[in-house]
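Numbering (my numbering), first residue to last: 1265 to 1521.
Heads up, the beta-carbon is just placed ideally off N, CA and C, and yes, glycines get one too.
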């Protein structure tokens, strides 16, 4: 079975051109098939502030109204996505930038209102894994943003960590899938102020204990929820890592069942 590495990059890594360049240079040298999924919430927040739009995030998940969705589409599917593709091309990594609407890649449904109304947020219904496999077979590396669609003409904002997890699951029947979440920290930290306090290995029981103690919070919550979901549905391995994909220098948290 062929190996594929699926990397989700987000957080402050995307904001710093020097760090992002180093990251993408290493990503471009991965010899196996590879997919990059990106967020960019910090840049959306900055643009929203410039436009005097209130930013609302609950449990690490963004509340998205119609104006927020316009900004998110512009930033995620536009400037960030094309900037990453351009940089990868400069490293001789033939890549293609995609949103979930392109080739019906990610079909989603608007999240129903429960205790919280998340607005124009999409929960993934279907991944077009056949299309992804065709791209990979043609030596293209997909670069996927977190804008999806409902197939009825409506774009939706979807959590990038969830997209990475669901794509990994959808390809796990055909590939040995390793999923890596990369952000500005070196993994999951016991102390958010100490970059060296990396938890080397984390299982689901420990996750719930750390959650109660507020050691794990904010955006790390959906990241780990998606990690466990991926492992439980056939993904080979999941790691939470920092800015380096270099195996020698990479510090990370190995997520286990």
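Quick one: what's got a C-beta closer than 6 Å to residue i's C-beta in the same chain, skipping five residues either side?
| i | result |
| --- | --- |
| residue 1507 | 1277, 1283 and 1287 |
| residue 1490 | 1425, 1426 and 1429 |
| residue 1273 | 1302 and 1446 |
Residue i by DSSP, collapsed to three states: which one?
| i | result |
| --- | --- |
| residue 1445 | strand |
| residue 1429 | helix |
| residue 1363 | coil |
| residue 1466 | strand |
| residue 1509 | coil |
| residue 1518 | strand |
| residue 1491 | helix |
| residue 1271 | strand |
| residue 1461 | coil |
| residue 1310 | helix |
| residue 1503 | strand |
| residue 1477 | coil |
| residue 1497 | coil |
| residue 1301 | strand |
By Cβ distance, which residues of its chain are closer than 8 Å to residue i, with the 5 residues on each side in sequence left out?
| i | result |
| --- | --- |
| residue 1512 | Note on residue 1512: pLDDT 47, under 50, position unreliable in the model; the coordinate value appears next. Excluding positions up to five away in sequence, the list is empty. |
| residue 1349 | 1359, 1360, 1361 and 1407 |
| residue 1411 | 1336, 1337, 1340, 1341, 1363, 1364, 1365, 1419, 1420, 1421 and 1422 |
| residue 1356 | 1292 |
| residue 1307 | 1278, 1279, 1339, 1343 and 1344 |
| residue 1265 | 1438, 1439 and 1440 |
| residue 1367 | 1392 and 1395 |
Going by C-alpha distance, which of the options is nearest residue i?
| i | options | result |
| --- | --- | --- |
| residue 1415 | 1392, 1331, 1360 and 1272 | 1392 |
| residue 1438 | 1498, 1465, 1332 and 1403 | 1498 |
| residue 1300 | 1456, 1449 and 1409 | 1409 |
| residue 1462 | 1496, 1449 and 1308 | 1449 |
| residue 1314 | 1503, 1273, 1302 and 1335 | 1335 |
| residue 1293 | 1311, 1353 and 1402 | 1353 |
| residue 1285 | 1351, 1274, 1298 and 1319 | 1351 |
| residue 1480 | 1503, 1456, 1493 and 1492 | 1456 |
| residue 1381 | 1403, 1320, 1347 and 1433 | 1320 |
| residue 1379 | 1417, 1322, 1451 and 1401 | 1322 |
| residue 1369 | 1413, 1346, 1432 and 1402 | 1413 |
Kindly list the residues whose CB is nearer than 7 Å to the CB of residue i, restricted to its own chain and excluding five residues on each side of it in sequence; keep chain order.
| i | result |
| --- | --- |
| residue 1222 | Limits of the chain in this structure are 1265 at one end and 1521 at the other, which puts residue 1222 out of reach. |
| residue 1331 | 1317 |
| residue 1389 | 1371, 1372 and 1373 |
| residue 1376 | none |
| residue 1454 | 1461, 1463 and 1479 |
Does the beta-carbon distance from residue i to residue j come in below 8 Å?
| i | j | result |
| --- | --- | --- |
| residue 1421 | residue 1362 | no |
| residue 1296 | residue 1327 | no |
| residue 1419 | residue 1365 | yes |
| residue 1467 | residue 1516 | no |
| residue 1386 | residue 1397 | no |
| residue 1435 | residue 1494 | no |
| residue 1518 | residue 1464 | yes |
| residue 1329 | residue 1383 | yes |
| residue 1324 | residue 1482 | yes |
With a threshold of 8 Å between beta carbons, is residue i in contact with chain D?
| i | result |
| --- | --- |
| residue 1372 | Absence of chain D from the displayed structure is noted, only one protein chain being present. |
How about residue i: is its Cβ closer than 7 Å to a heavy atom in the ligand FMN?
| i | result |
| --- | --- |
| residue 1396 | In the structure shown, the ligand FMN is absent, as is every other ligand, since no ligand is present at all. |
Continuous alpha helix (DSSP H) assignments of at least 4 residues falling wholly in the region 1273-1298:
1281-1292
Ignoring anything shorter than 4 residues or poking outside the region 1386-1436, list the alpha helix (DSSP H) runs there in chain order.
1393-1401 and 1424-1435
Any chance you could list the alpha helix (DSSP H) runs of at least 4 consecutive residues sitting entirely within the region 1312-1339, in chain order?
1330-1336
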